[in-house]
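Counting in the working numbering, the sequence shown runs from 1174 upward without gaps. Think of the CB as a built atom: it goes at the ideal place given N, C-alpha and C, for glycine as much as any other residue. Please read all numbers here as calculations on a predicted model, not as lab measurements. Read the structure below first, then the notes.
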Amino acid sequence: HVSRMPNFRYSLTVAGDVVTEKIYEKFQCAGYAANKRKPRRELSPEEQEENRRRSALRARKTLIDAVNANFGWARRGFRYGDKSVKFLTLTYKENMTDYARLSGDFDLFKHRLEYHLQEKIQYVCVPEQQKRGAWHLHIMLYCSFLPIDTLKRLWNEIRGEGGFNVKRVQHVHNVGKYIGKDFEENDALTGRKRFWCSQGFTRCPTRFRLFDNPNLDIKGVLTRRKLLASCSESSFESEYTGNVFVRQCV
1174 HVSRMPNFRY SLTVAGDVVT EKIYEKFQCA GYAANKRKPR RELSPEEQEE NRRRSALRAR
1234 KTLIDAVNAN FGWARRGFRY GDKSVKFLTL TYKENMTDYA RLSGDFDLFK HRLEYHLQEK
1294 IQYVCVPEQQ KRGAWHLHIM LYCSFLPIDT LKRLWNEIRG EGGFNVKRVQ HVHNVGKYIG
1354 KDFEENDALT GRKRFWCSQG FTRCPTRFRL FDNPNLDIKG VLTRRKLLAS CSESSFESEY
1414 TGNVFVRQCV
């Protein structure tokens, strides 16, 4: 019954190996839809920019939570025959500025990779545009082991001798921030998907909302069990939430 309660001052989000607590000064409402829509008005350039910024921040948070929920507990081995999490950066030799071509090239790379491995892969892909207009891709990939030379060849066969970089992430906690750090506000992505993901990329973070702070000692429990890798605490304040205390344990 607690999950249906519309008013809450405490929220708990579990995304893979990342647990985030938020304690709100003011009660928050959930599950209500506005009865009347406010009449639309023309936004100033400053308001439009602020809306774009907030949209990018929401998308980045969604991305980080989704990656942690799907890859947070994934095996991080790096041996033949094992599946593992990999972080790829794919670039072009020329100044490639065509978003449609970028999407098509990635689809082709993905299909060639799956054909070579004879398996479906899990991925999340973040397109990013440099200041000079050139597109490149950041990809979190979960699949069987492949030599770097093979991965590089599969990409270069599509669009010539582009750039290629692969990193191991088996020792990285909070893998969502690992790919989320390259997630930038970009006008070129306004109205477009800010990240692409596989059909197998389906696990959602688990969220709980409680009427008041239950004073759970999550940090203490993880510490005593020697499971705590890191813990950060912060706070922010707004007109609608009041002061909000945030604790994130990994």
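It is roughly 43 angstroms from the alpha-carbon of residue 1421 to the alpha-carbon of residue 1330.
Across the structure, residue 1392 and residue 1288 are spaced so that their CA atoms are roughly 44 angstroms apart. Cβ neighbours of residue 1268 within its own chain (closer than 7 angstroms, five residues either side excluded): 1305, 1306, 1307. Cβ-Cβ distances below 8 angstroms link residue 1374 to 1239, 1243, 1295, 1296, 1297 in the same chain, with the five nearest sequence neighbours on each side left out; the list follows chain order. 8 angstroms or more divides the Cβ of residue 1181 from the Cβ of residue 1389. Here the segment 1257-1277 does not lie against the segment 1217-1227, with fewer than 3 beta-carbon pairs under 8 angstroms apart.
Between residue 1328 and residue 1337, the alpha-carbon positions lie close to 8 angstroms from each other.
The straight-line gap separating the alpha-carbon atoms of residue 1366 and residue 1301 is approximately 11 angstroms. Under the criterion of beta carbons closer than 8 angstroms, residue 1310 and residue 1263 qualify as touching, at roughly 4 angstroms.
In terms of Cβ geometry, residue 1184 and residue 1199 do not form a close pair [threshold 8 angstroms].
Of 1318, 1265, 1332, 1385, the smallest CA-CA separation from residue 1290 is found for 1318. In the displayed model, residue 1396 falls within a helix according to three-state DSSP. Exclusion of the five residues before and after residue 1332 leaves 1265, 1278 as the residues of its chain whose Cβ lies within less than 7 angstroms of its Cβ. Within the same chain, Cβ atoms closer than 8 angstroms to the Cβ of residue 1411 are found at 1417, the five residues on either side in sequence being excluded. Measuring C-alpha to C-alpha distances from residue 1409 to each of 1402, 1400, 1419 identifies 1419 as the nearest. Under the 10 Å beta carbon count, residue 1394 is surrounded by fewer than 16 other beta carbons and is classified as exposed.
Counting only the Cα atoms, residue 1227 lies some 23 angstroms from residue 1379.
Minimum Cα-Cα distance from residue 1405 among the listed residues 1399, 1397, 1423, 1413 corresponds to 1423. Residue 1234 carries a helical assignment under DSSP once its states are collapsed to helix, strand and coil. Residue 1313 and residue 1372 have their C-alpha atoms some 14 angstroms from each other. Scanning 1197, 1190, 1233 for the CA closest to the CA of residue 1369 turns up 1233.
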